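So the structure is just underneath, and the comments pick up after that.
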Ligand SMILES: Cc1cc2nc3c(=O)[nH]c(=O)nc-3n(C[C@H](O)[C@H](O)[C@H](O)COP(=O)(O)OP(=O)(O)OC[C@H]3O[C@@H](n4cnc5c(N)ncnc54)[C@H](O)[C@@H]3O)c2cc1C
């Protein structure tokens, strides 16, 4: 069994930032990641709001952070974490293969996309219906696509698709675009149609998606043709396996030192209850969690 000072679950911006700070504090630091190192930020085609970079790809930013954390001495292990056992001063992390013991655990597991839960969504998932244009969008080069949602992430994805698709339509439930000013201005400057006040009623087609039935504010239906639909309906945290106090939506509740309801288990990033899920906020929380980890280990 591996024994470390700090085990960090998740290698997104929050986890890697925590790893960098922990390793720089001289703590034996292990990051446990079930998927691609760098987390969801890898999927961001162009990040335009990370301080210090006017534009950088999410994958490039994460590669730099990964190397920085590794150089500082953090180790990265590929495993799915299934459970954390609390033995007071020591925590045991159960994974599919090798278990780990740590003085402090930092949970930085991020979140996954929410479903709309409308007819046809399940049937056409990966056959027209997707949740990440940066990942699955290239298949729709020269075709008609809809971006369902109008927050920052949705607008950035619309801009990405506008370069390759024949037509991009944004379906926005509210009456105005929700993203920040630069993203809104980029979208408004492009030939992207937006349908406001619309909800998806159903996805339809044969073997693959062909059209989307929308419900408009006046209860009328509108049908748009679409080969691809990319859904941005919010996120739900990957926190099912973590037994600490959470919000009704499953977000981990932390104090301003990133401490959860269990001593020695800290949390950071998109998996905690907070108003803004971004790379910049995640790295800040990761740094604070590392500082708290050091304090806890020094006072034990
Ligand atoms: C398409 C897209 C575009 C975006 N664009 C921007 C942008 O321009 N600017 C910006 O600031 N933000 C952007 N974001 C949001 C940003 O990526 C997230 O806010 C950020 O990645 C959150 O970091 P995190 O470390 O909390 O979580 P994540 O990046 O989600 O990382 C969590 C990691 O934990 C791992 N994990 C989960 N459960 C387990 C487990 N049980 N065992 C082991 N590992 C586990 C996951 O595999 C994942 O790698 C974008 C997101 C997407 C999807």
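In our numbering, the protein residues as written are 184 to 483. C-beta atoms are modelled at their ideal positions from N, C-alpha and C, and glycine is treated no differently. On a predicted model such as this, the values are computed, not experimentally measured, just so you know.
Placement of the Cβ of residue 463 at a distance of less than 7 Å from at least one heavy atom of ligand 1 is found.
At a cut-off of 4 residues, the continuous stretches assigned as alpha helix (DSSP H) that sit fully inside the region 192-234 are 196-207. Boundaries of the alpha helix (DSSP H) harbouring residue 254: 241-255, taken from the DSSP string. Each residue's CA atom was taken as its position, placing residue 394 and residue 336 some 23 Å apart. Taking the CA atoms as reference points, residue 345 sits about 15 Å from residue 332. Separation of residue 358 and residue 450 (C-alpha to C-alpha, rounded to the nearest whole angstrom) is 35 Å. Closer than 7 Å to some heavy atom of ligand 1: that does not describe the Cβ of residue 441.
Within a 10 Å sphere around the beta-carbon of residue 249 sit 16 or more other beta-carbons, which makes this residue buried.
When only Cα atoms are considered, residue 275 and residue 234 end up about 36 Å apart. Taking 8 Å as the cut-off, the Cβ atoms of residue 283 and residue 185 count as close. Nearest neighbour of residue 386 by Cα position, chosen from 224, 371, 434 and 405, turns out to be 405. A straight line joining the alpha-carbon of residue 403 with that of residue 378 spans about 13 Å.
Here DSSP, grouped into helix, strand and coil, assigns residue 318 to helix. Assigned with DSSP and collapsed to three states, residue 461 falls in coil, not helix or strand.
According to DSSP, residue pairing for residue 284 in a beta bridge involves 186 and 275. A direct Cα-to-Cα measurement between residue 432 and residue 328 gives close to 30 Å.
Residue pairing by DSSP places residue 269 opposite 274 in a beta bridge. 8 Å or more divides the Cβ of residue 251 from the Cβ of residue 216. Here the distance from the Cβ of residue 315 to the nearest heavy atom of ligand 1 is below 7 Å. In the DSSP assignment, residue 382 falls within the beta strand (DSSP E) that extends over 382-388.
Under a 10 Å Cβ-count criterion, residue 476 is classified as buried, with 16 or more other Cβ atoms of the shown protein chains found around its own Cβ. By the 16-neighbour rule on beta-carbons within 10 angstroms, residue 196 is buried. Given a length threshold of 3 residues, each whole run of the beta strand (DSSP E) inside the region 368-449 is given here in chain order: 376-379, 382-388, 392-398, 404-408, 411-414 and 418-420. Remark: C-beta atoms of residue 434 and residue 468 do not approach each other more closely than 8 Å.
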